[in-house]
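A short worksheet on the structure shown next.
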Amino acid sequence: MSQEEPQSQQSSTNGATRPSVTQHHHPRQRSIDSGTHFTFCGGFITVGPDWKALLVSTTLILAPSAVYLALVAPYLGEHSSWAFVVASALLIFFTLSMLAATSLRDPGFIPRSPPDIDVERGLKPPTRDYIVHDYTVTTKYCPTCNHYRPPRCSHCAVCDNCVDKFDHHCPWVGTCIGKRNYKHFLLFIFSTAILCCWVTATCVYQLSLAADDRDGDWGQAVGDYPASLVLAIYCLVALCFVAGLSGLHSYLVCSNQTTYEHFRRSRWSSGNPYAQGVLKNCGEVFCQAVPPRHTALGVRQREKDANKPPPPLEEDIEQGGGNGIGGSGRNSGGSVNDDDERAEVEMTERNGDGGHI
Ligand SMILES: [Zn+2]
Ligand SMILES: [Zn+2]
């Protein structure tokens, strides 16, 4: 886990964003939990705004899997080994479980706080610096969620929430990929790639067995079992997509980058502050327990704590608990800019959305 520490008073201002911030002289009322996602069972289940896309993705896996288990697996069980049926069922179940674990889990949404009037009036700086492995990481105050973003946090324009260790918004699973579901997302794409290879190989094997029964006539075998050929082609096409994705994310895990950081790596002029070697980078993703959800109650408590000396330090950050929310920024010469362009977009939008009270 990174050691991150808020630094002392930040005197520098971002010329591109501060004027927009200081134009808001009135606090606005926002629901502390608002966003475009849906929560059930007290937040145990969180569904992203693209839940219809999730249904499509589930169908794209479930429908061919059902055909495979109904037509191909039993043939292999009878003519070869029933282990094919068991292995196929387990692999399909694991893949769908990882899809559910990714898409139905809170990815790390950070609940909104009441507006910080001091920031909106320009009495507090719009940025905050953190020390991460001897690097200084600068983050911005989120004008939509009303808190200073922790390092690696970005505001998702689709979910309309800040997401802890934001990776990307995945339309296929219908929600963001962040600190709390990245591991499950990886297991989902890896298992999908393995499933595609498995189905393709076993379908071809089934056709070869059928052809052997027909004196080597593959045409007749395909004619008798057309579903096997269709499934093999379908999975080959899907494999092209998920294999590329698996390769990209394998590289990102080994180098400790999020997808978002990777495509904006020009910000890291002095190196990746999070990289700790391949083993530690992989361990950070696969060997750490899923952190607890950020709750609105936690936000309120941190705001209370922020008003008391001493200010929140590493403990909040280590727990991924919306560090620095409601507190004042402190100063140092920032070397890594961890903010994002969306902040400017949001500020521009806020100027015209008439949300003042
Ligand atoms: Zn935000
Ligand atoms: Zn999102």
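Residue numbering for the sequence shown is 15 to 371, as defined by this note's numbering. We treat Cβ as the ideally placed atom computed from N, Cα and C, and that holds for glycine. These numbers were taken from a predicted model, which means no experiment stands behind them.
By the C-beta density criterion, W96 is exposed, having fewer than 16 other C-beta atoms within 10 angstroms. The three-state secondary structure of N175, taken from DSSP, is strand.
Of the candidates V213, V304 and F277, the residue whose Cα lies closest to the Cα of L104 is V213. Using a C-beta cut-off of 8 Å, the stretch 144 to 154 makes no contact with the stretch 115 to 123, since fewer than three inter-stretch Cβ pairs fall below that distance. Taking a 10 Å sphere around the C-beta of L262, we find fewer than 16 other C-beta atoms and assign the residue as exposed. Residue pairing by DSSP puts R142 in a beta bridge opposite T153.
C173 counts as buried, since no fewer than 16 other beta carbons sit within 10 angstroms of its beta carbon. In the three-state scheme derived from DSSP, where H, G and I count as helix and E and B as strand, S168 is classed as strand.
For S127, the closest of S111, C217 and P157 by C-alpha to C-alpha distance is P157.
Cβ contact annotation for D64 (same chain, cutoff 6 Å, sequence separation greater than five): P185 and G188, in chain order. A residue is called buried when at least 16 other Cβ atoms come within 10 angstroms of its Cβ; A235 meets this threshold and is buried. Of the heavy atoms belonging to ligand 1, none sits nearer than 6 Å to the Cβ of C170. The alpha carbon of Y155 has as its nearest neighbour, out of G230, P165 and D148, the alpha carbon of P165. The three-state secondary structure of V256, taken from DSSP, is helix. In the structure shown, F199 adopts helical secondary structure according to DSSP, grouped into three states. For C156, the shortest separation between its Cβ and any heavy atom of ligand 1 lies below 6 Å. Per DSSP, the beta-bridge partners of Y162 are Y155.
One thing to note: G122 has its Cβ within 7 Å of the Cβ of R194.
Ligand 2 never approaches C167 closely enough for any of its heavy atoms to be under 6 Å from the residue's Cβ. Between the C-alpha atoms of Q220 and L90 there is a straight-line separation of about 6 Å. Beta bridge pairing from DSSP links C296 with no other residue. Where F277 is concerned, there is no enclosing beta strand (DSSP E), because DSSP gives it neither an H nor an E. For F98, the enclosing alpha helix (DSSP H) covers residues A97 to S117. The C-alpha of C159 lies about 42 Å from the C-alpha of Y248. The C-beta distance from A257 to A207 rounds to 5 Å, short enough to fall under 8 Å. Per DSSP, reduced to three states, the secondary structure at C301 is coil, with no helix or strand assignment.
For C55, the shortest C-beta to heavy atom distance toward ligand 2 is 6 Å or greater.
At a cut-off of 6 Å, the beta-carbon of H183 counts as near ligand 2: some heavy atom of the ligand is closer than that. Rounded to the nearest whole angstrom, the CA to CA distance from L74 to V81 is 12 Å. Bounds of the beta strand (DSSP E) holding H182 are H182 to C184.
In this structure, ligand 1 has a non-hydrogen atom nearer than 6 Å to the beta-carbon of C159.
Placement of the Cβ of C176 at a distance of 6 Å or more from every heavy atom of ligand 2 is found. For S269 against N295, the beta-carbon gap comes to about 7 Å, under 8 Å, which counts as contact. Residues of the same chain with a CB within less than 8 Å of the CB of K66, apart from the 5 flanking positions on each side, are G188 in chain order.
By alpha-carbon distance to Y274, the top candidate from I131, S94, T152 and H169 is H169. If you draw a straight line from the Cα of G237 to the Cα of L83, it is about 19 Å long.
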